[in-house]
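Chemist: Residue numbers for the sequence shown follow our numbering, beginning at 241 and rising by one. Questions regarding the structure given below will be posed in turn.
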Amino acid sequence: MKIGILLSTHPEKNDGPRVRHLAEVAMANSDEIYLYLLDEGARFLKEDWIHDLVDRGATVYTCAYAAQNRRLSDPGKTTFCGLVVLTQVMEGCERFLAFA
């Protein structure tokens with residue numbers, strides 16, 4: 241199953257551990273994970289678990305505008321993109337969860 245997850249909250253809101261757990265459980269069940277980091281969620285680029293998910297097969301997108309405004313860089317594991325990709329993730333996944 242394809243599962244899309246939108247994470248747009250600041251790391252201080254503590255949605256990160258929930259998203260991480262959901263993604264890990266889904267991947268253990270052979271589901272495909274598509275994670276989109278938007279707005280304050282772009283700050284999760286600094287978190288090691290994001291890059292670990294990519295290493296384990298998840299697809300992680302980061303809103304380029306959000307990252308640029310927050311002066312965040314990526315070590316090359318996620319894909320910078322715009323909201324069109326978020327729309328495609330929403331349309332292409334069988335389940336979509338939003339942490340906003």
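Even glycine gets a Cβ: it sits at the ideal position worked out from N, Cα and C.
(1) Go through its chain and collect everything with a Cβ distance to histidine 261's Cβ below 6 Å, but skip five positions before and after it.
(2) Express the C-alpha separation of leucine 247 and aspartate 255 in angstroms, rounding to a whole number.
(3) Expressed to the nearest angstrom, what Euclidean distance is found between the alpha-carbon atoms of phenylalanine 336 and serine 313?
(4) What would DSSP say about serine 302, mapped onto helix, strand or coil?
(5) Skipping 5 residues on each side, what residues in its chain have a beta carbon closer than 6 Å to that of leucine 277?
(6) Who are the near neighbours of aspartate 288 in its chain, counting only those whose CB is closer than 7 Å to its CB and skipping five residues on each side?
(7) When the Cα of lysine 286 is compared with those of Thr327, Pro251, Gly332 and Ile243, which residue comes out closest?
(8) Mind checking valine 300: buried by the 16 CB within 10 Å criterion, or exposed?
(9) Would you kindly report the start and end of the unbroken alpha helix (DSSP H) that includes glycine 327?
(10) Taking the alpha carbon of valine 265 as the point to measure from, which residue in Thr249, Lys253 and Arg296 has its own alpha carbon closest?
Modeler: With the structure as the only source:
(1) none
(2) 8 Å
(3) 26 Å
(4) Here the sequence assigns threonine to residue 302, which means serine is not the residue at that position. When secondary structure is reduced to three states using DSSP, threonine 302 falls in the strand class.
(5) Leu247, Phe284 and Thr302
(6) Closer than 7 Å at Cβ, skipping near neighbours: no residue.
(7) Pro251
(8) buried
(9) Just to set this straight, residue 327 is threonine in the shown sequence, not glycine. Threonine 327 -> alpha helix (DSSP H) spans 323-332.
(10) Arg296
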